[in-house]
Structure formats: structure tokens, C-alpha cells
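Asks:
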Amino acid sequence: MDNNSILDTRPALKAEIDRIAEAAGYLWQKGWAERNGGNITVNITEFVDEQIRSLPAISARLEIGTVLPHLKGCWFYCKGTQKRMRDLARDPMANGSIIRILDDCSGYEIVADQPVAPTSELPSHLSVHNYLIAKGSTYKASLHTHPIELVAMTHSRKFLEKDVATNILWSMIPETKAFCPRGLGMVPYMLPGSVALADATIKALDDDYDVVMWEKHGVFAVDEDIMSAFDQVDVLNKAACIYISAKNMGFEPDGMTQAQMQEISDVFGLPK
-16 MDNNSILDTR
-6 PALKAEIDRI
4 AEAAGYLWQK
14 GWAERNGGNI
24 TVNITEFVDE
34 QIRSLPAISA
44 RLEIGTVLPH
54 LKGCWFYCKG
64 TQKRMRDLAR
74 DPMANGSIIR
84 ILDDCSGYEI
94 VADQPVAPTS
104 ELPSHLSVHN
114 YLIAKGSTYK
124 ASLHTHPIEL
134 VAMTHSRKFL
144 EKDVATNILW
154 SMIPETKAFC
164 PRGLGMVPYM
174 LPGSVALADA
184 TIKALDDDYD
194 VVMWEKHGVF
204 AVDEDIMSAF
214 DQVDVLNKAA
224 CIYISAKNMG
234 FEPDGMTQAQ
244 MQEISDVFGL
254 PK
């Protein structure tokens, strides 16, 4: 089978890759993906059939840099290193690649469509996916992007305190609490792509957040699929826009009261 036709007769896999491309286009349109900024990694194992599994690699073995035992048998779509979201939106298979994790869970190979090296932050993303599988999560998508207003808020120390930003954002508009019920975790500034940042992100996810803010950098979001991960960031950043707009008008926004937010939780059956 010609590797270039890997999506041609697989409508479910193609639809999943198309969703990733659509989300990448939204990131660019919103100004959250300057140059090659941001990353997407999606677990596509459920869409991989036996014929794809038998395909030869189109790269040499590549090292993850750690052993991730829960990824044995997993396949991922990954944005390529130095590739732009706006280009991924146009041609996802020329700006990303499908990889398989090798049986020793410490290396991987590129299988299709082109030998595009995955993002340098792949070990961090894969570490998160390893954690998600280990805890029995059904989440398949991880997204890193640079939402302008949320990043701006992290330049003030007060918003970095636990759940300060969460409660402000929840209070700006009812939909924020309804659609982002776990709020926004905070991780202090660490070197992008570092093991320390990956470990801190996993710890924040383990504290029951789905979206984690990296100080002065961007967000890392996980969810069932890439569009759901995008939606969470979009909703949170809309709330940040409302907060900043009010501040620019010269006043501190009142926000919804605790009683009003509790009412939202009760109506939507959200965690207390």
C-alpha cells in the first residue's frame, strides 16, 4: 500500500485528522499560533487497522527520552517540529505525522505520510498521554497554544495563586462555569519543553484540571478530542477578554456572585 494514500480509504481516520486541521486553523485565526507556536498530539489508536499496523516505518527509530509503559501499542498524530498551525490547517499530513510507539515504550517510528519530525515537545505530550491512560481517562487529545488574554493575566502575580483566576473567569459569564467546570490550573514559569514543565503539568492535571496555564507562556489542555480541548481554551479566553475589556473601560467588573455561580453548578450538575 502506498503510504501517501493512508487516509484515502479510511473515512474515520480522515475525519479525525480533518478535525485536527480545523482546530489548527482556528488557533491561527485567533492569533494564538504565531509562527510555529503551539502543538497538537492526538491518540489515534482506535482508528488504526491491521493494514496500517503492517506498514513499514519511513524513519529510523527515534527516542522519546523516557519509558512510557502505558503507551505500548499506541499510535499518535503529531504536529511537526517547526511547522506552522496555518500550514497544518491547509495540509495536515505535510505538516505533521503519524507515529507508532515501539514495544519497549522508549522509542517511536514515523509511519505516514511524510518523514516529518514531530515537535520537540513530543516527550512532554506523550508523558501526559501516558498519565491519562494510566488513570483510565478517555481523553485522547492534548493541545498547547498561546491565548493572548490568558497569557496576559499571568503577568500579574495575583492571578497565579490557586484558583484566583478560575473564580474570576467563572464569574464573567455563565458559560465559563458550565463548560469549564474544572477551572484553570496554574504552573509557574519553567523552561518550555523541559521535563520539569511536563512533570508540573501532569501534577496540575492530577489535581483535577483539564486546562493548565503556563505562566507567561500559554495553556495546555486535554479532552476527549481536539475540538473539545480547543473549546475549553476558547471559553476561558472569552472570559478573560470580558474581564480585560471591563478593566479597559475603567472599572473592576462585579462578576457573578458565589450564589449565582452555585446556581449554575446546581442546574448543570457540576462538581461543588
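In the working numbering, the protein residues as written are -16 to 255. Here a beta-carbon is modelled for each residue, glycine too, at the ideal position from N, C-alpha and C.
For E(-1), is the classification buried or exposed, using 16 other Cβ atoms within 10 angstroms of its Cβ as the cut-off for buried?
Replies: Buried, since its Cβ has 16 or more Cβ neighbours within 10 Å.
Asks: Using the Cβ count rule (16 or more neighbours within 10 Å means buried), how would you classify E104?
Replies: Buried: at least 16 other Cβ atoms inside 10 Å.
Asks: Beta carbon of W58, beta carbon of I93: below 7 Å?
Replies: Cβ distance not < 7 Å, so W58 and I93 don't count as in contact.
Asks: Terminal residues of the continuous beta strand (DSSP E) containing D298?
Replies: A question about residue 298 goes unanswered here, because the residues of the chain that appear run from -16 up to 255.
Asks: Does the separation of the CB atoms of L45 and Y91 fall below 7 Å?
Replies: Going by C-beta atoms, L45 is nearer than 7 Å to Y91.
Asks: Would you mind sorting S154 into buried or exposed? The rule is 16 or more other CB atoms within 10 Å of its CB.
Replies: Buried is the call here.
Asks: Name the two residues that bound the continuous alpha helix (DSSP H) containing I81.
Replies: That residue, I81, is in no alpha helix (DSSP H); its beta strand (DSSP E) goes 79 to 84.
Asks: Run through the stretch -10 to 27 for me and flag every whole alpha helix (DSSP H) of 4 or more residues, listed as ranges in chain order.
Replies: Those alpha helix (DSSP H) runs which fall completely within the stretch -10 to 27 and span 4+ residues are -6 to 12.
Asks: What distance in whole Å lies between the Cβ atoms of T102 and T64, which are believed to be in contact at a cut-off of 8 Å?
Replies: Yes, they are in contact, since the Cβ atoms of T64 and T102 sit about 5 Å apart, within 8 Å.
Asks: Taking DSSP as the reference, what is the three-state secondary structure of H108?
Replies: If DSSP states are grouped into helix, strand and coil, H108 belongs with the helices.
Asks: For L54, I'd like the list of residues in its chain whose CB is within less than 6 Å of its CB, leaving aside the five on either flank, ordered along the chain.
Replies: The answer, listed in chain order, is I84, C88, N113.
Asks: What residue does the beta strand (DSSP E) around L38 start on, and which one ends it?
Replies: Unbroken run through L38: none, as it is neither H nor E.
Asks: By the 10 Å Cβ neighbour count, where 16 or more other Cβ atoms means buried, how is M34 classified, buried or exposed?
Replies: A small fix is needed here, since residue 34 is Gln in this sequence, not Met. Per the 10 Å Cβ criterion, exposed.
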